[in-house]
Every structure is written in C-alpha cells, then in structure tokens.
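What follows is one structure encoded as structure tokens, with my remarks underneath.
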Amino acid sequence: MSHAASTSGRSACAGRVRADGVRRNTSKSAARDGNATAAPTRRAALISLLSSRVLVETPPSARAKTTFVKDPSFYAEWSYAQPSDIIPYVEATAPRGDARAVLAAMDVFGEYYPMYKLGDEKGRILATIVRDRSPSKAVEVGTFLGYSAIWTALNLPPGGTLTCVEFEPRHVAVARALTTYAGVGDVVTILQGAGAERVSDVKKIIGQDDVADMVFFDHCKECYLPDLRSFEDAGIVGKGTVVVADNVLYPGAPDFLSYVDTAAGRYDTKLYDAAFEYDQVWKKDWTPQADALSYSVCRGPVEDAEVVL
Numbered sequence: 015m016s017h018a019a020s021t022s023g024r025s026a027c028a029g030r031v032r033a034d035g036v037r038r039n040t041s042k043s044a045a046r047d048g049n050a051t052a053a054p055t056r057r058a059a060l061i062s063l064l065s066s067r068v069l070v071e072t073p074p075s076a077r078a079k080t081t082f083v084k085d086p087s088f089y090a091e092w093s094y095a096q097p098s099d100i101i102p103y104v105e106a107t108a109p110r111g112d113a114r115a116v117l118a119a120m121d122v123f124g125e126y127y128p129m130y131k132l133g134d135e136k137g138r139i140l141a142t143i144v145r146d147r148s149p150s151k152a153v154e155v156g157t158f159l160g161y162s163a164i165w166t167a168l169n170l171p172p173g174g175t176l177t178c179v180e181f182e183p184r185h186v187a188v189a190r191a192l193t194t195y196a197g198v199g200d201v202v203t204i205l206q207g208a209g210a211e212r213v214s215d216v217k218k219i220i221g222q223d224d225v226a227d228m229v230f231f232d233h234c235k236e237c238y239l240p241d242l243r244s245f246e247d248a249g250i251v252g253k254g255t256v257v258v259a260d261n262v263l264y265p266g267a268p269d270f271l272s273y274v275d276t277a278a279g280r281y282d283t284k285l286y287d288a289a290f291e292y293d294q295v296w297k298k299d300w301t302p303q304a305d306a307l308s309y310s311v312c313r314g315p316v317e318d319a320e321v322v323l
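Each number in this note's numbering corresponds to the 1-based position in the sequence shown with 14 added.
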C-alpha cells in the first residue's frame, strides 16, 4: 500500500508530500450532494480543504469486485422487514465460526437489500489498517449489524479486543448474534447507546491508564467531531491512537476533517479513496458517489507533535 504523509506546523499548511501511487484530488464532485447532511457553508469548507488534500490511492486488491447477478427468486425466499431478518440468511449460507463466510453472506444480502454497512471495498481497507497497526485495544462507534466489527475482529492481533458502541437496540441484538456466529464474539464487546453516553464505560474497558490503539467512527457524521473530543478528554484517544472515520467525503464530515487536518497540529492525516458503499439504486436519479476513509494518528500535546504515519 502506498503511503503519503503531509507535514506542517500548527498554523501553516507547508511541505505537503506527494509520493508515487498517490494522487491529489481536485474534483468537487466527490463532496457534492444536495441531500447530504452538511450545510452549504460547511460543504464549501470541505471542498476547499479537499482541494489541497493528498489522497492515498486505494490498492487494487481492495477495489476488486465482480459483477453481481441477482436471482429474482431471492426476494421470495428471503425478506428484509427488520434488522434481524439477515440472521436466518447468514445462518443458512455461512458455516458457524467462519467469519469470512459470514462477511460474504452479508455482502450478498446487501446486494439485494442495500444497507448502510461498510462494504467489501472499505472492509478490506479497514482490515489492512488493523493488520498494519496491530491494535490490542480497538474501539468502534457505529456498529450497525456488526459487519465492520467482524472485519476488525478478524484481523486483530492475538489478545486484541474490540469495544463497540451502537445506538439502536435492535442493531445491537443483531450485531451480537452475528459476531458470535462468526466466531469473534469472544473478542468483541458491544455496548448500547450513543458514543457520548458510553464514554466512561469505554474508558473503563480500555483502562484508566491506557489509551485506545485504534478508534473507528462510522455513525452520525455530525457526531464525529464532538465524540472525538469527548474521547480525547476522557483519555480514550491520546498520543499514538489511530482514528479512522468512514464517509468523510460523502455524506461528509467537514468539521471533523478540519479538526484532524495535519495543518491543525493535532493529528497526521491521510485519506483512503473508496466509493460510497450505500448504493441507493431505488432512486431514479442516483449516481455512484466518491468517498474516502480518513486515517489520523494523534500527535498528543502539540509541543510533542511529530509525524508518525
């Protein structure tokens, strides 16, 4: 995987580095959408930020995707009226304890019933990050049905653990069932509630004297920044913590991106280019959207700042 780091001080954006396999994103279409949650002024700020941001080209292995041909009879056999409806399909098509088969089954189910899960392309990027960073204590906020949690747990080092926070109780129940069925339930703890509500509980699990090695955000996009700051204040995120966030371009998290921008002095940040995973094919005017995962390494106190990518 090609890596690029952009380095600078607190107040200036100097010395941005361009490396082989890395391209600069100058397209405004990656962050433009009339239905996105960000207000127009925040959207403009995001576009301005991205015009000078270096994107890390996603490796071909993460992009590999075969054309999916739907079987019309699928809908008659498998319905999706509530989150738990995915469980019978997974149990019927994936062997218990085979995490990769569970992920594949969830991918197939998602082809018929599009859902807001990480998706195979981003899942492979996340898996690569987890393997590279080898976090012993990982945290996820926004677990949905457990798809990204399975990707993470599958790639943790021996003894590594993942603490998840999911707001919707029905999603928590499904995520617990599927992570257990996938054989990773012993390393995954799923808490129900909003990220801000479970800060103290997450901190207890991480340890009062420790910080998380990795945090993954994939929940309410407007919550990324306040939740990150709450995690910083609680000592969950500290020097060396890797913060990964999904959908930073679409629907977009401009305030969060501005905060973790390398030029701000708090984090060293790069973006992994990837397509938006929630393909809304039922909309007649829908077109695929460009997106990215952000990858930010906490520098710790500004006076101790150093490039750690």
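Don't be surprised by glycine CBs; every beta carbon is placed ideally from N, CA and C.
These numbers were taken from a predicted model, which means no experiment stands behind them.
Within 8 Å, strictly: CB atoms of Cys326 and Leu159: Lying outside 15 to 323, the shown extent of the chain, residue 326 is not represented and no answer is given.
What are the start and end residues of the alpha helix (DSSP H) that includes Tyr126? Boundaries of the alpha helix (DSSP H) around Tyr126: 113–126.
Note the first and the last residue of the continuous beta strand (DSSP E) segment covering Lys151. Counting along the chain, the beta strand (DSSP E) containing Lys151 begins and ends at 151–155.
Should Ala113 be labelled buried (16 or more other beta-carbon atoms within 10 Å of its own) or exposed? Per the 10 Å Cβ criterion, buried.
Hey, Phe231 and Gly207: beta-carbon distance below 8 Å or not? Contact flag unset, no.
Local conformation of Cys234 per DSSP, three classes: Residue state, collapsed to three classes: coil.
Rounded to whole angstroms, what is the Cα-Cα separation between Gly209 and Val251? One C-alpha to the other measures close to 13 Å.
Counted within 10 angstroms of its Cβ, other Cβ atoms place Pro265 as buried (16 or more) or exposed: In the assembly as shown, Pro265 is a buried residue. Its beta-carbon has 16 or more other beta-carbons within 10 Å.
Relative to the C-alpha of Glu360, which residue among Tyr195, Tyr103, Thr166 is closest? Any answer about residue 360 is impossible in this case: the structure gives the chain only from 15 up to 323.
State the beta-bridge partners of Ala259 as determined by DSSP. Residue pairing by DSSP puts Ala259 in a beta bridge opposite Phe231, Ser308.
What first and last residue would you give for the beta strand (DSSP E) that runs through Val179? Residues 175–180.
Got a sec, what are the start and stop residues for the alpha helix (DSSP H) Leu132 sits in? Note, Leu132: premise wrong, no alpha helix (DSSP H); not H, not E.
Assuming Ala196 and Ile219 are in contact, meaning their beta carbons sit under 8 Å apart, how far apart are those beta carbons, in whole angstroms? Ala196 to Ile219, Cβ: 21 Å. No contact.
Say whether the region 184–200 touches the region 215–229, bearing in mind that this needs 3 or more beta-carbon pairs closer than 8 Å, one atom from each stretch. Short answer: they don't touch.
Mind checking whether Ile139 and Leu307 have CB atoms under 8 Å apart? Yes, these two residues count as a Cβ contact at 8 Å.
Bridge partners for Leu205 per DSSP, in chain order? Its beta-bridge partners are Val179.
Anyone know if the C-beta pair for Thr193 and Met228 falls short of 8 Å? It is not a contact, given that the beta carbons lie outside the stated cut-off.
On a CA-only basis, which of Tyr309, Asp269, Gln303 is nearest Leu285? Give me that one, please. The option with the nearest alpha carbon to Leu285 is Tyr309.
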